[in-house]
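In terms of our numbering, the sequence shown has 168 at position 168, counting the first letter as 1, and numbering is strictly consecutive.
No residue lacks a Cβ here, since even glycine has one placed at the ideal position from N, Cα and C.
Here is the structure we will look at, set down as structure tokens.
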Amino acid sequence: MRKKEDRTNQILELLVKEKKLEVAELSAHLGVSQVTVRKDLDAMEAQGLITREHGSAVLSSTDDIKGRLAYHYEEKRAIALRAAELVKDGDTIMIESGSCCALLAAALAEHRSGITLITNSAFIADYIRRSSDFQIILLGGIYQQDAQVMVGPMVRQCAENFWVNQFFIGVDGWSARAGFTNQDQMRAQAVRDMARQADQVIILTESDKFSRHGTVPLNLKDRVKSVITDQKITGTTVSELTALGIEVLTS
Numbered sequence: 001m002r003k004k005e006d007r008t009n010q011i012l013e014l015l016v017k018e019k020k021l022e023v024a025e026l027s028a029h030l031g032v033s034q035v036t037v038r039k040d041l042d043a044m045e046a047q048g049l050i051t052r053e054h055g056s057a058v059l060s061s062t063d064d065i066k067g068r069l070a071y072h073y074e075e076k077r078a079i080a081l082r083a084a085e086l087v088k089d090g091d092t093i094m095i096e097s098g099s100c101c102a103l104l105a106a107a108l109a110e111h112r113s114g115i116t117l118i119t120n121s122a123f124i125a126d127y128i129r130r131s132s133d134f135q136i137i138l139l140g141g142i143y144q145q146d147a148q149v150m151v152g153p154m155v156r157q158c159a160e161n162f163w164v165n166q167f168f169i170g171v172d173g174w175s176a177r178a179g180f181t182n183q184d185q186m187r188a189q190a191v192r193d194m195a196r197q198a199d200q201v202i203i204l205t206e207s208d209k210f211s212r213h214g215t216v217p218l219n220l221k222d223r224v225k226s227v228i229t230d231q232k233i234t235g236t237t238v239s240e241l242t243a244l245g246i247e248v249l250t251s
């Protein structure tokens with residue numbers, strides 16, 4: 001029988017292709033009982049990876065952060081676990097919204113204790129609220145419903161009350177000319193405002209983000225200490241990043 005983690009990854013791969021699958025179809029494809037599939041799907045729904053519908057599983061829309069969690073889940077989970085190694089019990093850290101960042105929060109909830117987590121992500125605050133002993137500080141602002149994140153000038157005003165060693169963020173792309181980029185102007189500004197209150201900015205992203213770029217430069221080249229990504233990152237990109245003094249860590 002396949003291990004649960006292997007089944008989770010394969011179910012997500014199938015749903016990325018098909019969007020919706022019946023429990024019976026998944027059972028036949030995976031070679032396990034429908035009872036086992038239902039237990040797997042229940043656990044995946046609790047993690048926000050899928051939605052259950054009348055004997056089937058549905059992949060959420062990518063407009064919603066829960067839907068984005070499912071895409072490249074295995075790579076994102078490995079990146080999150082690598083990032084979690086940089087955090088010690090009792091640390092105070094800042095995390096921005098995003099699927100890799102949400103999985104980092106979940107990894108920390110599983111492996112660390114006594115963390116104070118400052119975030120502008122209502123999704124992350126809710127995602128780990130039952131699984132950790134963390135003190136969670138949610139920065140205020142304008143609420144973006146799909147991303148479940150706070151943006152706007154109030155984020156800066158709230159963030160100015162804190163100073164942290166590590167600030168973890170996600171990005172939508174990279175170019176050697178523009179640096180790291182985002183697709184949303186207000187979210188990008190929230191990242192800049194939060195980055196001002198941190199010694200180190202650490203980027204968590206899958207390697208395929210380095211082959212595209214968003215429309216809004218984050219202007220953080222001088223603030224980024226490390227990038228954590230998967231092993232598919234190209235040598236050219238590694239050279240571009242290291243030339244800027246950015247450490248590249250792979251999961």
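Count the other CB atoms, across all protein chains shown, that sit within 10 Å of the CB of residue i; report buried if there are 16 or more and exposed otherwise.
| i | result |
| --- | --- |
| K19 | exposed |
| E75 | buried |
| V37 | buried |
| T205 | buried |
| D89 | exposed |
| E96 | buried |
| N182 | buried |
| K209 | buried |
| R212 | exposed |
| Y143 | exposed |
| D172 | buried |
| R130 | exposed |
| D268 | Outside the shown range of the chain (1 to 251) lies residue 268, about which nothing can therefore be said. |
| T8 | buried |
| Q231 | exposed |
Which same chain residues, not among the five before or five after residue i, have their C-beta less than 7 Å away from its C-beta?
| i | result |
| --- | --- |
| L108 | A84, V87, I115 |
| S113 | D89, D133 |
| E160 | Q197 |
| Q34 | V23, A24, S27 |
| A43 | none |
| G55 | E22, V23 |
Hey, residue i and residue j are a contact pair by Cβ (cut 8 Å); roughly how many whole angstroms apart?
| i | j | result |
| --- | --- | --- |
| L41 | A57 | 5 Å |
| G170 | C101 | 5 Å |
| S251 | I233 | Going by Cβ atoms, the distance from S251 to I233 rounds to 10 Å, so no, they are not a contact pair. |
| V155 | I118 | Not quite, the Cβ-Cβ distance comes to about 11 Å (not below 8 Å), so this is no contact. |
| R177 | A195 | Not really, about 20 Å apart at Cβ, beyond 8 Å. |
| I124 | A147 | Not really, about 11 Å apart at Cβ, beyond 8 Å. |
| L59 | V16 | 7 Å |
| L21 | L30 | About 11 Å; that fails the 8 Å criterion. |
| I93 | F168 | 7 Å |
Please list, in chain order, all residues of the same chain as residue i whose beta carbon is under 8 Å from its beta carbon, the five residues on each side excluded.
| i | result |
| --- | --- |
| V238 | V248 |
| S99 | I65, R68, L69, Y71, K76, G170 |
| V216 | T181, N182, Q183, D184, Q185, A188 |
| G179 | P217, L218, N219, L220, K221 |
| Q135 | I115, T116, L117 |
Under the three-state reduction of DSSP, which class applies to residue i: helix, strand or coil?
| i | result |
| --- | --- |
| K209 | helix |
| E240 | helix |
| V35 | helix |
| Q200 | strand |
| L220 | coil |
| G235 | helix |
| E96 | coil |
| T8 | helix |
| M194 | helix |
| V171 | coil |
| S27 | helix |
| V248 | strand |
| V87 | coil |
Under 6 Å Cβ to Cβ from residue i, same chain only, skipping five residues before and after it: list those, please.
| i | result |
| --- | --- |
| G141 | M150, V151, G152, M154, V155 |
| L103 | K76, R77, A80 |
| S121 | S97, V149 |
message: Threshold first: 4 residues or longer. Then list the alpha helix (DSSP H) segments lying entirely within the stretch 38-85, N to C.
response: Counting only runs of 4 or more, we get 65-70, 73-84.
Contained alpha helix (DSSP H) runs [length at least 4] in the stretch 116-168, N- to C-terminal order: Qualifying alpha helix (DSSP H) stretches, in chain order: 122-127, 153-159.
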